[in-house]
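2 protein chains.
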Amino acid sequence: MERAAVTARTSPESARDIPEATVARLPVYLRALTTLSEQGIGTCSSEDLAVAAGVNSAKLRKDLSYLGSYGTRGVGYDVDYLRYQIAREIGVTQDWPVVIVGIGNLGQALANYSGFRSRGFRVVALLDADPARRDEVVAGLEVRPFDDLERIAHEHSVAIGVIATPALAAQDVADRMVACGITSILNFAPIVLNVPAQVDVRKVDLSIELQILAYHEQRKGATA
Amino acid sequence: MERAAVTARTSPESARDIPEATVARLPVYLRALTTLSEQGIGTCSSEDLAVAAGVNSAKLRKDLSYLGSYGTRGVGYDVDYLRYQIAREIGVTQDWPVVIVGIGNLGQALANYSGFRSRGFRVVALLDADPARRDEVVAGLEVRPFDDLERIAHEHSVAIGVIATPALAAQDVADRMVACGITSILNFAPIVLNVPAQVDVRKVDLSIELQILAYHEQRKGATA
DNA sequence: CCCAGTTTGTTCTCCTGTTCACAAACTCCT
DNA sequence: AGGAGTTTGTGAACAGGAGAACAAACTGGG
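Line order of the protein sequences matches chains A and B. Residues 1129 to 1352 in the working numbering are what the first sequence lists, from first letter to last. Residues 1129 to 1352 in the working numbering are what the second sequence lists, from first letter to last.
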């Protein structure tokens, strides 16, 4: 949703471009495969994996077919092999440096979230505009002034930024991020960000999710 | 996505059922209208609102048309009137009691998030299984033992629950919630929840969002 | 080697969602 | 009153995703 126009590419390898809906599910498959692997399961059918990922098995097979033919008919998929292939396709076999701006409650929660580290992301800096937060240590990292963004972004070649500031500050932060060469932004502030077309933005809005639930809840009550 | 089968309804009023994609955008429109209203703007065109919400104006008009005809041709929409109509349709003109389970970093961030209160949600209890957290006060609420869930859920007629626990505990929490009559769950744990069909689950997974960004980021790099 | 059983990869159909384009309905100016 | 200009609401075309269903490809047993 809300993707910037996908420029037609004909790169030598991995030429196929994967539908957006599929891309959004690949991380779910990856997580399910990791769980299976930890349970010592070496092979699984599309049905097994589909159940673990909470999707339809036909959809799963179609999704995987965009990556290539990594299964064996009559047998299924090798869990670790498929896991690697998906990780490679997503791009999480390498490590992505990430900066988090806005170290309030949410920013701290994100900084402490171990799921990032284990999934190919490394938080290289925590930034906050509030001088009162300076020198605080969160998740083993010192909170730095927002103005350090340029230096840190270049130093670590940061391509991905997370915005966890109040709504009022978010657009400014986004502008500065874009100016530093950051081209992917994960935005938690409840505001529509204005960025150039080549920059990807994904938003997570907690109250929107609740409102969607409320809508359906209201409907349930209407007939009960 | 992942909706339980929508039972065909022919309720007397608000009989039309609104497409899921539209439901997901209504809260965005609501937020944009609130911003416009705070700026003292009394009337806006679909184009104005579409820009504020970050969507196509045709899509916006079609979305609104599912609610009814609340605009005036040649003029536009009355901001406050439309805002009320959308709020009513979503169901946030009433107050929804919410419980949050798992008062770690993320749970605290959620408890402190003012956006809930201002958008029709009231956090009535914070629950945590860890006895060490007992008696802690977060966002003006005492953290209570998880076993109080039944009592609190019934006392406040809670229909919506938020899970902010580690992955391992999440399924148990969900089961208990369902047993208490909670029929809408917002899940932050990185796991696929298993719930009866009549229960709505929405999931927010931080690392999945980052992985989607990483995929596109990798593609950008491939041609640059 | 052949056959029964299993599971993938893919085609085809259906359905949902998006966008264009325009008639209908309104305002305002002359 | 009439006409020019504006903006909504919606019909119709288009795009994209979901799921059923099946042929192709594998395993293992006799």
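The beta carbon of each residue, even a glycine, is placed where N, CA and C say it ideally should be.
Those residues which DSSP pairs with residue i across a bridge
| i | result |
| --- | --- |
| P1113/A | Since the first and last residues shown for chain A are 1129 and 1352, residue 1113/A lies out of range. |
| P1155/A | DSSP output for P1155/A lists no bridge partner at all. |
| K1331/A | N1315/A |
| P1273/B | D1256/B |
| D1206/B | T1171/B |
| I1280/A | DSSP lists no partner for I1280/A. |
| I1231/A | The partner list for I1231/A (beta bridge, DSSP) is empty, contrary to what the question assumes. |
| G1182/A | G1182/A pairs with nothing; no bridge assigned. |
| V1290/B | I1228/B and L1314/B |
CB contact check: residue i to chain A, cutoff 9 Å
| i | result |
| --- | --- |
| Q1299/B | no |
| G1232/B | yes |
| I1146/B | yes |
| I1336/B | yes |
| V1151/B | yes |
| G1243/B | yes |
| G1248/B | yes |
| A1287/B | yes |
| L1254/B | no |
| D1333/B | yes |
| I1340/B | yes |
| A1180/B | yes |
| R1159/B | yes |
| V1226/B | yes |
| L1238/B | yes |
CB contact below 9 Å: residue i versus chain B
| i | result |
| --- | --- |
| H1344/A | yes |
| P1155/A | yes |
| Q1167/A | no |
| S1142/A | With a pLDDT of only 47 at S1142/A, under the threshold of 50, the placement of this residue in the model should not be trusted; the figure read from the coordinates follows. True, the Cβ-Cβ gap to chain B drops below 9 Å. |
| I1291/A | no |
| S1139/A | Reliability fails at S1139/A, whose pLDDT of 37 lies under 50, so the model's placement of it is uncertain and the value that follows must be treated cautiously. Taking Cβ atoms only, chain B reaches closer than 9 Å to S1139/A, which makes this a yes. |
| R1201/A | no |
Own chain, CB closer than 7 Å to residue i, minus 5 neighbours either side, in chain order
| i | result |
| --- | --- |
| R1304/B | L1277 |
| P1140/A | Any reading at P1140/A must be qualified, since the residue scores a pLDDT of 37, below 50, and its modelled position is unreliable; no value is offered. |
Residues near residue i in its chain [Cβ-Cβ closer than 8 Å; skip 5 each side]
| i | result |
| --- | --- |
| Y1194/A | R1144, I1146, P1147 and T1150 |
Other residues of its chain near residue i: CB distance less than 6 Å, five sequence neighbours each side excluded
| i | result |
| --- | --- |
| L1321/B | A1302, N1315 and V1329 |
| D1333/B | P1318 |
| K1348/B | none |
Cβ-heavy atom distance, residue i to the ligand COA, below 8 Å
| i | result |
| --- | --- |
| G1309/A | Ligands in the displayed structure: none, and consequently the ligand COA is not present. |
Using a beta-carbon distance cut-off of less than 9 Å, what residues from the segment 1182-1198 of chain B approach chain A? Result list: G1182 and V1183.
What are the residues in the segment 1205-1219 of chain A lying within 7 Å of chain B by C-beta distance? Residues I1218 and G1219.
Any residues in the segment 1306-1331 of chain A with a beta carbon nearer than 7 Å to a beta carbon of chain B? Which ones, in chain order? Contact annotation: in the segment 1306-1331 of chain A, residues whose CB is within less than 7 Å of a CB in chain B are T1311, S1312, L1314, P1318, V1320, D1328 and R1330.
Cβ contact check for the segment 1251-1271 of chain B and the segment 1316-1329 of chain B: 3 or more pairs under 8 Å: With the rule of 3 Cβ pairs closer than 8 Å, the segment 1251-1271 of chain B does not count as touching the segment 1316-1329 of chain B.
So, do the segment 1227-1245 of chain B and the segment 1281-1294 of chain B have three or more beta carbon pairs nearer to each other than 8 Å? Yes, since at least three Cβ pairs between the segment 1227-1245 of chain B and the segment 1281-1294 of chain B fall closer than 8 Å, the two stretches touch.
Between the segment 1216-1224 of chain A and the segment 1164-1173 of chain A, are three or more C-beta pairs nearer than 8 Å? Counting C-beta pairs closer than 8 Å gives fewer than three between the segment 1216-1224 of chain A and the segment 1164-1173 of chain A, which falls short of the contact rule.
Should the segment 1247-1257 of chain A be called in touch with the segment 1175-1195 of chain A, which here means at least 3 C-beta pairs below 8 Å? The segment 1247-1257 of chain A makes no contact with the segment 1175-1195 of chain A: fewer than 3 CB pairs, one atom from each, lie closer than 8 Å.
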